[in-house]
Amino acid sequence: MTYKQRKTITVLGEQISLGESCELSFDVANLHTSSSVDVPVIVERSKKPGPIVLFTAGIHGDEVNGVEIVRQIIAKGINKPKCGTIICIPVINVFGFINLNREFPDGRDLNRVFPGKKTGSLASRVAYKLINEIIPDVDVIMDFHTGSAGRFNSPQIRIVKNNSSLDKLARIFNAPFILYSKDIKKSFRNTSNKLGKLMLLFEGGKSFHIDKTVTNTGVNGAKRVLAHLGMLPTKFKVSKPKKTPVSILESRWQRANFSGMFKASIAINSKVDKGDILGNITDPYGKFNHFVKASHSGYIINVNESPIVYQGDALFHISTKFK
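Quick note, the numbering used here runs 44 ahead of the 1-based positions in the sequence shown.
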């Protein structure tokens with residue numbers, strides 16, 4: 045894919061030329077205390093033109109592992125490109141992040157209101173500003189997420205099928221898994237794809253938690269993509285991948301048949317056969333012990349780490365078709 049060579053870009057109404065660096069404020073509304081909330085948007089432009097890459101995290105305020113990945117990209121200076129432009133927004137939903145809440149104060153999930161409305165709800169206004177004032181000049185987006193509700197995601201890149209450019213970038217990123225999934229209506233990924241932006245959606249870890257392995261996977265993957273684009277600063281080296289990603293073409297959740305105390309005994313990323321023991325559900329009184337067995341063969345790409353589950357709760361996300 046070829047990228048436009050832009051001497052000047054516009055971010056949040058500010059014109060930024062080649063070789064310039066700046067920190068802008070993504071402000072939409074004050075807190076209910078009238079205190080201002082400034083979300084930093086960090087822009088680094090090389091003197092040499094090239095692709096424009098956007099790193100985002102914190103669309104859901106409780107997904108702190110994604111925030112940590114973008115934080116490290118900034119703190120280590122990975123965001124200072126050898127060519128082109130890197131824009132970083134570590135926390136998009138700062139309102140939720142303040143309270144470690146997934147949603148906005150208006151109760152809306154930001155990732156279900158894109159492309160947003162200028163005069164809509166608070167979440168909708170944030171989505172509108174992101175789409176209209178930040179990403180118009182962007183070529184590639186890497187958006188970092190985690191699992192929710194105690195469910196731990198294996199590090200994975202999610203993309204749509206039949207897009208060779210996305211497929212190539214996903215393989216270069218080299219997370220353990222590439223999960224092919226349809227765009228969710230009104231999501232950031234769906235809107236970005238409609239606008240012709242290449243988005244890699246990274247999932248890894250769980251909410252309210254920072255995991256070193258997941259963080260390293262995200263940072264190293266970002267470095268590989270930047271190196272491929274010719275943007276990675278010279279002082280950084282890219283580690284050679286030990287394995288090629290497994291492509292998950294189809295998958296399904298295995299759910300709890302009973303309510304009780306749950307403990308998984310299988311490691312994330314493991315390949316299992318039908319009938320393998322994955323964990324057990326017990327009662328608090330020592331009278332009941334149900335072994336959870338794999339309903340089908342495949343890779344374990346998500347494990348529920350909640351100690352208490354109810355009948356019907358998702359326990360494991362297991363691939364059904366992969367290559």
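The beta-carbon is built from N, C-alpha and C at its ideal position, and this holds for glycine as well. All of these numbers come straight from a predicted model, not from anything done at the bench.
My guess is that residue i and residue j are in contact by the Cβ rule of under 8 Å, so how many angstroms apart are they, rounded?
i    : j    : result
D187 : R50  : Contact flag wrong, Cβ pair sits at about 22 Å.
L359 : F302 : Actually they do not touch by this definition, with Cβ atoms about 11 Å apart.
I378 : V83  : Given that the chain is displayed from residue 45 to residue 367, the structure contains no residue 378 and the question cannot be resolved.
G323 : S309 : 5 Å
V55  : L68  : 6 Å
V72  : R169 : 5 Å
With the cut-off set at 8 Å, would you say residue i and residue j are in Cβ contact?
i    : j    : result
G111 : L270 : A small fix is needed here, since residue 111 is Val in this sequence, not Gly. Cβ distance not < 8 Å, so V111 and L270 don't count as in contact.
T190 : G121 : no
T33  : F332 : Coverage of the chain is limited to positions 45 through 367, which leaves residue 33 absent and any answer about it impossible.
R251 : S363 : The sequence given here has Ser at residue 251, not Arg. It is not a contact, given that the beta carbons lie outside the stated cut-off.
I86  : N137 : no
D183 : Y47  : yes
K337 : G356 : no
F158 : T235 : yes
F366 : V290 : yes
K126 : P277 : yes
K173 : F70  : yes
N123 : I130 : yes
Count the other CB atoms within 10 Å of the CB of residue i; is the residue buried (16 or more) or exposed (fewer)?
i    : result
K267 : buried
C66  : exposed
I53  : buried
I352 : exposed
N109 : buried
E107 : buried
Q298 : buried
H76  : exposed
E147 : buried
K281 : exposed
G262 : buried
Y354 : exposed
A311 : exposed
T163 : exposed
When DSSP builds the beta bridges, which residues end up paired with residue i?
i    : result
S69  : P84
R299 : A358
S291 : I222
H189 : E247
M305 : T326 and I352
E58  : V55
L43  : Any answer about residue 43 is impossible in this case: the structure gives the chain only from 45 up to 367.
R346 : A small correction: the amino acid at residue 346 is Asn; Arg does not occupy that position in the sequence shown. Answer is N197 and H361.
Alpha carbons only, please: which of the options is nearest the one belonging to residue i?
i    : options                   : result
E349 : L210, A193, V170 and K124 : A193
N155 : L322, I175 and S363       : I175
T288 : E58, I201 and S225        : I201
I185 : V170, L62, A214 and V157  : A214
K256 : P199, P125 and G342       : P199
F99  : M243, I312, I142 and F196 : M243
E88  : A101, L62 and S78         : L62
H253 : S168, K161, G128 and N197 : N197
E227 : N218, L245, G265 and I216 : According to the sequence displayed, residue 227 carries Asp and not Glu. The residue with the shortest Cα to Cα distance from D227 is L245.
K230 : G160, F141 and S79        : G160
Y224 : T163, A119, K124 and L293 : L293
K315 : I113, K286, P285 and N346 : N346
F141 : A101, P220 and S283       : A101
G94  : Q59, K212, R152 and G274  : G274
D150 : L144, A167 and Y172       : A167
I60  : H361, S90 and S209        : S90
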